[in-house]
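First residue of the sequence shown: 1, per full-length UniProt numbering; consecutive thereafter.
Ideal Cβ positions, reconstructed from N, Cα and C, are used throughout, including at glycine.
Model, not experiment: these values are computed from the prediction.
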Amino acid sequence: MKELMEYTLHTPAPRHFATLGGWISDAEQCLRWAGPKLAFPFEASMLQTLLETEPMDSYALLDQHASLAGFGQIFRREPATGHLGRIIIDPRRRQQGIGQILCSELIQAGVRRHGFRSMTLWVYLDNAPAVQLYRALGFVPEAREGAAGCQFMRLPITP
Numbered sequence: 001m002k003e004l005m006e007y008t009l010h011t012p013a014p015r016h017f018a019t020l021g022g023w024i025s026d027a028e029q030c031l032r033w034a035g036p037k038l039a040f041p042f043e044a045s046m047l048q049t050l051l052e053t054e055p056m057d058s059y060a061l062l063d064q065h066a067s068l069a070g071f072g073q074i075f076r077r078e079p080a081t082g083h084l085g086r087i088i089i090d091p092r093r094r095q096q097g098i099g100q101i102l103c104s105e106l107i108q109a110g111v112r113r114h115g116f117r118s119m120t121l122w123v124y125l126d127n128a129p130a131v132q133l134y135r136a137l138g139f140v141p142e143a144r145e146g147a148a149g150c151q152f153m154r155l156p157i158t159p
């Protein structure tokens with residue numbers, strides 16, 4: 001019988017950034033995950049510093065054994081709106097519903113901590129599992145100029 005895992009958000013520790021660095025294997029993955037401000041290759045030990053390029057909250061999704069299952073950030077850009085970014089799941093755990101857990105927890109953290117009334121994100125349209133996940137969470141496409149092949153999405157949050 002498969003063990004049912006519980007997951008919780010935590011402030012990332014240096015060991016989490018070292019693990020996370022191992023999930024990014026090439027320059028294209030790095031660009032798609034972190035954007036142009038983080039060059040590949042990078043030192044995993046420097047990842048925490050490299051990701052702190054603007055005001056944001058970073059979160060590690062840990063399983064009940066304190067192992068890193070996912071990572072994400074919430075940027076504060078628009079009034080009363082948070083922006084989800086740098087969402088990544090442990091490659092060995094993808095397609096198991098952990099992305100939904102991570103995003104739901106991030107949304108709740110943004111509402112609790114900052115009172116956000118909406119959340120936004122960018123998604124690559126060729127990343128079908130992510131597009132499906134965000135739509136299932138209630139995100140809707142919104143017209144915005146962005147990188148080629150990307151869609152801006154918004155989730156209205158009702159109090």
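Is it buried or exposed, residue i, if we count other Cβ atoms within 10 angstroms and call 16 or more buried?
i, result
"residue 46", "exposed"
"residue 115", "exposed"
"residue 181", "An answer regarding residue 181 cannot be provided, because it is not within the stretch 1 to 159 covered by the chain."
"residue 22", "exposed"
"residue 97", "exposed"
"residue 120", "buried"
Based on Cα-Cα distance, which residue from the options lies nearest to residue i?
i, options, result
"residue 159", "132, 134, 124, 118", "118"
"residue 19", "71, 78, 83", "71"
"residue 111", "53, 92, 81", "81"
"residue 6", "51, 102, 157, 146", "102"
"residue 34", "128, 135, 85, 139", "85"
Below 8 Å on the Cβ atoms is my contact criterion, and I expect residue i with residue j to pass it. Report the Cβ-Cβ distance as a whole number of Å.
i, j, result
"residue 74", "residue 39", "No, residue 74 and residue 39 are not in contact; Cβ-Cβ is about 23 Å, not under 8 Å."
"residue 150", "residue 125", "7 Å"
Kindly say whether residue i, judged by its beta-carbon, lies nearer than 8 Å to any beta-carbon of chain B.
i, result
"residue 64", "You won't find chain B in this structure, because it holds only one protein chain."
Return the CA-CA distance between residue i and residue j, expressed in angstroms with no decimal places.
i, j, result
"residue 32", "residue 122", "10 Å"
"residue 146", "residue 152", "8 Å"
Given 8 Å as the limit, is there contact between the region 51-71 and the region 9-16, that is, 3 or more CB pairs closer than that?
The answer is yes - the region 9-16 touches the region 51-71, with three or more Cβ pairs under 8 Å.
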